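Data block below; observations after.
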Amino acid sequence: MYPMKKPFLYTLFFVLMMAIIAFMPLSGTVQADETPYNPVPYDEIYPILEQHEAESDRVSIEVIGQSSMGHDLYSVVISEPDDDLEQIKAMRQEMIDNPEEAADFIEDNPDFKVPFMINGSIHGNEYPGTDAVLQLIDRFAHEHDDTTEHILDHNILVFNVVVNPDGRILGTRQNGEGFDLNRDHVTLSQPEAAANIELITEWNPMVQLDLHGFVNRSDDYPGLIEPTTGPHNPNYEHDLYLEYALDQAKAMEAELVENKQDYETDLYQNMKGTHIPYRDAEDGWDDYPPIFTPMYAMLHGVYGHTLETPTNSVDGAKWHYDAVMGALEFASDNKIDMTKNQLEIFRRGIQFDHPEHEDGFFPKAYVLPVDETDPTTTEKAVNNLLMHDVEVMKADETFMADGEQYDEGTYIVPLDQAKASLANTLLWDGEDISDQASAMYDISAWNLPELWGFDAIPTDSSIDVPAEGAEELDIEGELIGEGPYEVTNSSVAAMALVNELIQDNFSVYKGKNGHFYIDSGHENTLHQVVEESGITVKTASIPEDAKELDNVNVAVLKDGGQHGIRTALEQLGFEVEEMEPPQISENGLGGYDVLVVNGSGVGDSEAYKQNIQAFLADGGKYIAIGASASSRAAELGLTDAGIHTGQWNSNGVVNVDYKDTSLTAGYNEQDIGFVYNPVWYRNVADDRVIASFADQDFFKAGFWKNSEAAQGQSVMIKGNHQGVTLLGLEIGFRAHPEYLYRMLSNAIYPGEETILTTASGMKERVERYENDGEFENSGAARALNAHLTAVSHFEEQEAAEKVIKHVEGFQDLLDHQQTNNLISEKAYNVLKHDADALIEKWQ
Ligand SMILES: [Zn+2]
């Protein structure tokens, strides 16, 4: 029936559509033989909703949050005027808490109503979703026909009207931060995803439809409606979902076909159905990762479906409208049985009774111990679990589990709870599913404990300890002793504290052990900053090898396929500027110390290449992350290493051997890594290898066919070019693997000041020191730079003797300034080292 069954066609089509959409005008699109399609602009939406609310007693609007760019997110609830919405929410909660009683109740009271949730255009440029939502709101606000009344007799309609306002305004798939929100439902790094989850946990809907575009597997069966192909996330109670989800999809399909004569174009008038991946394909459109809205909602017991309309057009919006109507009628006719299956999901969870799972698939509980010095990762984990509506307990006393003793205050996530599937999805190790499919649609491993750096120890024993329900945590840090102080290199929050102190002009040192040290003094400010950080900072002597750190200026190469590196750097507390390749070609990287490249951003010009070389010659650090950036570094001549890559969508959690270097400080010799589109390096004789994939069993969880090729291979190297670091691990991926972020701060703060060996680099250093107040007056800086200008002149002529002579003059001036207190100790030491190295270079 379907000649094109290969999963990569989805991808191909998607890439093609993205390319087409990229050229569509913002204000709407005109397609050749169609009615002009003008999607409703974002700023017209609220007035339309307000008018419905004013004219209809069925409508209530709420602002449920703001987008990353600050635009309001709207929910609209449509119900009959005498519906008691609070009571309905309470009943949904009661279903979760007491599913067996709820099952009896609905048997005796079949006239209950179910929340039915519809999300518009989480991908901003897939416009018809929100337009269909507006048409549905219009109908259900005002109409009194039999179908409308029938649906409102059984359902409360909950619309997330425009999930991604930024994207709708900008004409992008992503939000204003560059994030694909339909990949953010585990991490919750973006406010839009968080608001969406709040709406789900507020209503606990029976059905959720997520309106997308654009897919056409064949002309006879345009569009797509889930359920999906395998592999399915094994945490689901998938049998209970599927029993009605497939029929609901068919009901949507039937409604589309029944109304086909009302469409304007041939594609729609001739449709015989739509593509239902579960029914029509082997694999390639799976529900494995919980990062997509409907797949995530399924873990709340919801019948979740992604709907992909065929085209960006008037007909495309009508397609969504009809499909939603089909689902609403199906839900109205089947709500009792559908609800019973939902209740059965919750019952299985609470009673730890999983007939579809092998014994031992779900542990009895996870134990989350809290690190005394740095509790911030566990704090984040607990808060995240609570946001997901997962039940978390806090032990009131010490207790034993599997022979280990745990302190009072340890967190426990019991798996005998209604949303056990979700809890386990967030805390399990994952699995290697490389053999389960020919291709996966997206990430296949998301081990939160490992990737966020907190312990969650599964246990099959019953834990017997008095405990109370955990509440949102806001742990205060503490400054202990008289100083000097040590900040351990242990978490993103610890690094953010270090950066804040540097920006507040504290003297911060980094030891060769990778930890950070602060002098005593200004204790009032210090107390406050440390308290807010959540970290305990203890008194410790500053190691002799410790070097003082400078404020650094970090640039990130801006790239359409943004992987979250900028967000990662910002979370680490760095002040970051995004640069486009043409800016670098034109202006160079004069004011920057570090350039981070992640993704495939390309600067092709000779000027780009020269400016990168000049940046490195001046002591700049070039950090390339992942496969594309590594290949780019090789093309630019920044490394001689051979760049090898796996299939582009391979991804997962890996075991890595980390060498003992300043770059890996704060990590174990054997520790984890994360790859997406994996890369490894060969011919590394001239490089310093910092980390390799482990020699055996290195692939822990995820999807990566033929991963053996990378076994034992180098995955992090310092290139033969001194300032270049290649990180094959995808450490900033969608702001997700936070545990790995500190590789970045380690690379940026290697524990020693980079020694500069060019006069131009030193001039910039002098200028920066002047701005930082390291000189008594501007005359001192000016005098040094006059010397350096002369040095620069002779460097260009390659007149070695004259270079050396003028650098010696520069050193005399430095000594003079030091004797007369015109220069700070730090600036003096660093510039003295530079000058020594520069002389050595020309000798
Ligand atoms: Zn989409």
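Using numbering that gives the first Met the number 0, read the sequence shown as starting at 0 and increasing by one per residue. Beta carbons: idealized from backbone N, C-alpha and C, even for Gly. Note that this is a predicted model, so its numbers are computed, not measured.
Cross-strand partners of residue i (DSSP beta bridge)
{"i": "Ala364", "result": "Pro413 and Thr458"}
{"i": "Glu477", "result": "Thr535"}
{"i": "Ala400", "result": "Glu403"}
{"i": "Gln609", "result": "According to DSSP, which records beta bridges pairwise, Gln609 is partnered with nothing at all."}
{"i": "Phe692", "result": "Val655"}
{"i": "Leu306", "result": "Leu210 and Ile224"}
{"i": "Ser74", "result": "Glu61 and Asn159"}
{"i": "Asp431", "result": "Gly701"}
Secondary structure of residue i, DSSP reduced to three states
{"i": "Glu543", "result": "coil"}
{"i": "Gln341", "result": "helix"}
{"i": "Tyr591", "result": "coil"}
{"i": "Asp82", "result": "coil"}
{"i": "Gln582", "result": "helix"}
{"i": "Gln260", "result": "helix"}
{"i": "Met715", "result": "strand"}
{"i": "Met116", "result": "strand"}
{"i": "Phe851", "result": "Because the chain in this structure spans residues 0 to 842, residue 851 falls outside the shown range and cannot be described."}
{"i": "Met270", "result": "coil"}
{"i": "Ala623", "result": "strand"}
{"i": "Gln669", "result": "strand"}
{"i": "Glu485", "result": "strand"}
{"i": "Ala554", "result": "strand"}
{"i": "Met439", "result": "coil"}
{"i": "Trp318", "result": "helix"}
{"i": "Val723", "result": "strand"}
{"i": "Met205", "result": "coil"}
{"i": "Val301", "result": "coil"}
{"i": "Ile168", "result": "helix"}
Check: residue i C-beta below 7 Å from any heavy atom of ligand 1
{"i": "Asn181", "result": "yes"}
{"i": "Glu125", "result": "yes"}
{"i": "His122", "result": "yes"}
{"i": "His211", "result": "yes"}
Alpha-carbon to alpha-carbon, residue j and residue i
{"i": "Ile177", "j": "Arg733", "result": "Reading off the sequence shown, one finds Gly at residue 177, where the question assumed Ile. Rounded to the nearest angstrom, the two C-alpha atoms are 9 Å apart."}
{"i": "Ser437", "j": "Gly513", "result": "43 Å"}
{"i": "Pro448", "j": "Thr409", "result": "15 Å"}
{"i": "Arg216", "j": "Gln268", "result": "16 Å"}
{"i": "Lys717", "j": "Gly175", "result": "34 Å"}
{"i": "Val655", "j": "Leu342", "result": "43 Å"}
{"i": "Val185", "j": "Pro289", "result": "7 Å"}
{"i": "Leu235", "j": "Leu245", "result": "With the sequence shown as reference, residue 235 is identified as Tyr, and Leu is not the correct amino acid for it. Approximately 15 Å, taken between the alpha carbons."}
{"i": "Ala626", "j": "Glu634", "result": "12 Å"}
{"i": "Pro368", "j": "Asp352", "result": "27 Å"}
{"i": "Thr566", "j": "Pro736", "result": "12 Å"}
{"i": "Leu830", "j": "Met761", "result": "7 Å"}
{"i": "Ala330", "j": "Ile168", "result": "33 Å"}
{"i": "Glu85", "j": "Gly69", "result": "29 Å"}
{"i": "Leu812", "j": "Gln173", "result": "54 Å"}
{"i": "Ala700", "j": "Ser599", "result": "26 Å"}
{"i": "Pro24", "j": "Arg57", "result": "Annotation note: pLDDT 41 at Pro24 (below 50); position unreliable, no value reported."}
{"i": "Gly283", "j": "Val529", "result": "48 Å"}
{"i": "Asp833", "j": "Val765", "result": "11 Å"}
C-beta contact flag for residue i and residue j at 8 Å
{"i": "Pro221", "j": "Pro309", "result": "yes"}
{"i": "Val389", "j": "Ala422", "result": "yes"}
{"i": "Phe698", "j": "Val653", "result": "yes"}
{"i": "Ser443", "j": "Tyr287", "result": "yes"}
{"i": "Thr338", "j": "Ile105", "result": "yes"}
{"i": "Leu198", "j": "Asn163", "result": "no"}
{"i": "Ser460", "j": "Ala419", "result": "no"}
{"i": "Lys801", "j": "Phe793", "result": "yes"}
{"i": "Ser66", "j": "Pro190", "result": "yes"}
{"i": "Thr538", "j": "Tyr591", "result": "no"}
{"i": "His319", "j": "Gly128", "result": "yes"}
{"i": "Phe642", "j": "Ile730", "result": "First, the residue type needs correcting, since residue 642 is Ile and not Phe in the sequence shown. Cβ atoms of Ile642 and Ile730: not closer than 8 Å."}
{"i": "Phe603", "j": "Thr757", "result": "Going by the sequence as given, residue 603 is Asp instead of Phe. In this structure, Thr757 does not lie closer than 8 Å to Asp603 by Cβ."}
{"i": "Gln502", "j": "Asn550", "result": "yes"}
{"i": "Ile622", "j": "Val593", "result": "yes"}
{"i": "Asn383", "j": "Leu571", "result": "no"}
Any chain B beta carbon closer than 8 Å to residue i
{"i": "Gly727", "result": "Note that chain B does not occur in the displayed structure, where there is just one protein chain."}
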